[in-house]
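Asks: Below: one structure in structure tokens.
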Amino acid sequence: MYSFDRVRVLVIEDNQPMLEICRTLLLTFGVGEVLTAKNGEEGFKIACKENPDIIIADWMMEPTDGIKMTRRIRNDSLSPNHYVPIILMTGFSEKKRVVQARDAGVTEFLVKPFTARDLYKRIAQIIERPRQFVRSEDFFGPDRRRKADPVFAGPLKRDSDMAAKSAQTTRMKEASLELDKLRRESGLSKTDKIGNLDANKPSDIGFEIDFK
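Mapped onto the numbering used here, the consecutive letters of the sequence shown carry residue numbers 8 to 219.
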């Protein structure tokens, strides 16, 4: 189980219930500070001012969507950190969409509906296996090639590993309770936007077909 208490995450999402869900999950994971924005334009301004450690953004937003915002983060001279990890959330799972996100400079791809484990794994992946950046005539962003399984980190071998796994399971249960509460308060069903936190199979479609 990672300690995220010093991590600052910016969540950019135009759907208020979903924004609150992501914020609550991140705080449940132990993230030290969660910044929020309602669209890519506002998100870019906050990123320039606050310089977060990780950005989580939805794809479909107005007036600036997640793809356009990613390109600005990667290339705009006003961006304080062209290398900041960016996780893109989307309901689209087609290969062409994943390739478009990859080519825009997105670090990780998260397909809705997703589970708390999926979101946690994306953040842990960024911390555990940071990507080298590549610059060419038509691309600047994380290396698009994968050389290892992005999710499987090997079998648990030590008591400390088992303890960490137990702590992670507890966090997931806490996140599940928080999510159920938010769903009731916002009127969302379990199939709206985000998946059941207790699901065992993560939404790893993006990892299966990108960065090859």
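Cβ coordinates follow ideal geometry from the N, Cα and C atoms, glycine included. Since this is a predicted model, take the numbers as computed values, not measurements.
Taking the C-alpha atoms as reference points, what is the distance between Thr65 and Leu117?
Replies: The residue you call residue 65 lines up with position 58 of the sequence shown. The residue you call residue 117 lines up with position 110 of the sequence shown. Reading the sequence as shown, one finds Asp at residue 65 and not Thr. Each residue's alpha carbon lies about 9 Å from the other.
Asks: In the DSSP assignment, what residue or residues form a beta bridge with Glu40?
Replies: For the purposes of this step, residue 40 is taken as the residue at position 33 of the sequence shown. BP columns for Glu40 point to Arg15.
Asks: Who are Met96's beta bridge partners in DSSP?
Replies: Looking up residue 96 in the sequence shown gives position 89. Bridge partners of Met96: Asp65 and Leu117.
Asks: Name the one or two DSSP bridge partners that Gly148 has.
Replies: Residue numbering aside, residue 148 sits at position 141 when the sequence shown is read from its first letter. DSSP lists Val141 as partners of Gly148.
Asks: By how many angstroms is the C-alpha of Thr43 removed from the C-alpha of Pro49?
Replies: Position 42 of the sequence shown, counting from 1, holds the residue named residue 49. Position 36 of the sequence shown, counting from 1, holds the residue named residue 43. In the sequence as presented, Pro is not what sits at residue 49; that position holds Glu. Going from the Cα of Glu49 to the Cα of Thr43 covers about 9 Å.
Asks: For Gln139, which residues in the same chain have their Cβ closer than 8 Å to its Cβ, ignoring the five residues on either side in sequence?
Replies: The residue labelled residue 139 in the question sits at position 132 within the sequence shown. If we look at Gln139 and ignore the five residues flanking it on each side, its Cβ neighbours are Pro149 and Asp150.
Asks: Whether or not the region 50-59 and the region 12-19 are in contact is what I'm after, with contact meaning three or more pairs of Cβ atoms, one per stretch, closer than 8 Å; do they touch?
Replies: Because the criterion of three Cβ pairs below 8 Å is met, the region 12-19 and the region 50-59 touch.
Asks: For Asn46 versus Met67, is the C-beta distance shorter than 8 Å?
Replies: Residue 46 sits at position 39 when you count from the first residue of the sequence shown. Residue 67 sits at position 60 when you count from the first residue of the sequence shown. Against a cut-off of 8 Å, the Cβ pair of Met67 and Asn46 comes out as no contact.
Asks: Return helix, strand or coil for Gly73, following the three-state DSSP convention.
Replies: Locating residue 73 in the sequence shown gives position 66, counting from the first residue. Correct three-state label for Gly73: helix.
Asks: Could you check how far apart the C-beta atoms of Ser86 and Arg78 are, in whole angstroms? I think they sit under 8 Å.
Replies: Mapped onto the sequence shown, residue 86 falls at position 79. Mapped onto the sequence shown, residue 78 falls at position 71. Actually they are not in contact, since the Cβ atoms of Ser86 and Arg78 sit about 10 Å apart, beyond 8 Å.
Asks: Spatial neighbours of Leu34 within its chain, please: CB distance less than 8 Å, with the 5 preceding and 5 following residues excluded, ordered by chain position.
Replies: Taking the first residue of the sequence shown as 1, we reach residue 34 at position 27. Closer than 8 Å at Cβ, skipping near neighbours: Val41.
Asks: If you draw a straight line from the C-alpha of Met96 to the C-alpha of Lys119, how long is it?
Replies: Position 89 of the sequence shown, counted from the first residue, corresponds to residue 96. Position 112 of the sequence shown, counted from the first residue, corresponds to residue 119. Those two C-alpha atoms are separated by around 7 Å.
Asks: Return the CA-CA distance between Gly98 and Arg104, expressed in angstroms with no decimal places.
Replies: Walking along the sequence shown from the start, residue 98 turns up at place 91. Walking along the sequence shown from the start, residue 104 turns up at place 97. Those two C-alpha atoms are separated by around 10 Å.
Asks: Could you pull the start and end residues of the alpha helix (DSSP H) that Leu126 belongs to?
Replies: Along the sequence shown, read from residue 1 onward, the residue named residue 126 stands at position 119. Unbroken alpha helix (DSSP H) run through Leu126: Ala123 to Glu135.
Asks: One question on the structure: do Val91 and Pro59 come within less than 8 Å of each other, judged by their Cβ atoms?
Replies: In the sequence shown, counting from the first residue as 1, residue 91 sits at position 84. In the sequence shown, counting from the first residue as 1, residue 59 sits at position 52. Yes, Cβ-Cβ distance for Val91 and Pro59 is below 8 Å.
Asks: Between which two residues does the alpha helix (DSSP H) harbouring Gly50 extend?
Replies: Residue numbering aside, residue 50 sits at position 43 when the sequence shown is read from its first letter. Per DSSP, Gly50 belongs to the alpha helix (DSSP H) from Gly47 to Glu57.
Asks: Looking at C-alpha atoms only, which residue of Thr31, Pro70 and Ile61 is the closest neighbour of Asp21?
Replies: Looking up residue 21 in the sequence shown gives position 14. The shortest C-alpha separation from Asp21 is found at Pro70.
Asks: Thinking C-alpha only, which one of Asp83, Ala123 and Gln107 is nearest Thr31?
Replies: For the purposes of this step, residue 31 is identified with residue 24 of the sequence shown, where counting begins at 1. Checked all of Asp83, Ala123 and Gln107; the closest Cα to Thr31 is Ala123.
Asks: Specify, as a first and last residue, the run of the alpha helix (DSSP H) that Val105 falls within.
Replies: Here residue 105 refers to the residue found at position 98 when the sequence shown is read from its first residue. Counting along the chain, the alpha helix (DSSP H) containing Val105 begins and ends at Lys102 to Ala111.
Asks: Look at the alpha carbon of Gln23 and the alpha carbon of Gly73, and state the distance between them as a whole number of angstroms.
Replies: By one-based count along the sequence shown, residue 23 stands at place 16. By one-based count along the sequence shown, residue 73 stands at place 66. Cα-Cα distance, rounded: 16 Å.
Asks: Kindly give me the distance between the Cβ atoms of Ile134 and Glu115, rounded to whole angstroms, as I take these residues to be in contact under 8 Å.
Replies: To locate residue 134, count along the sequence shown from 1; it is residue 127. To locate residue 115, count along the sequence shown from 1; it is residue 108. With a Cβ gap of about 11 Å, Ile134 and Glu115 do not count as contacting.
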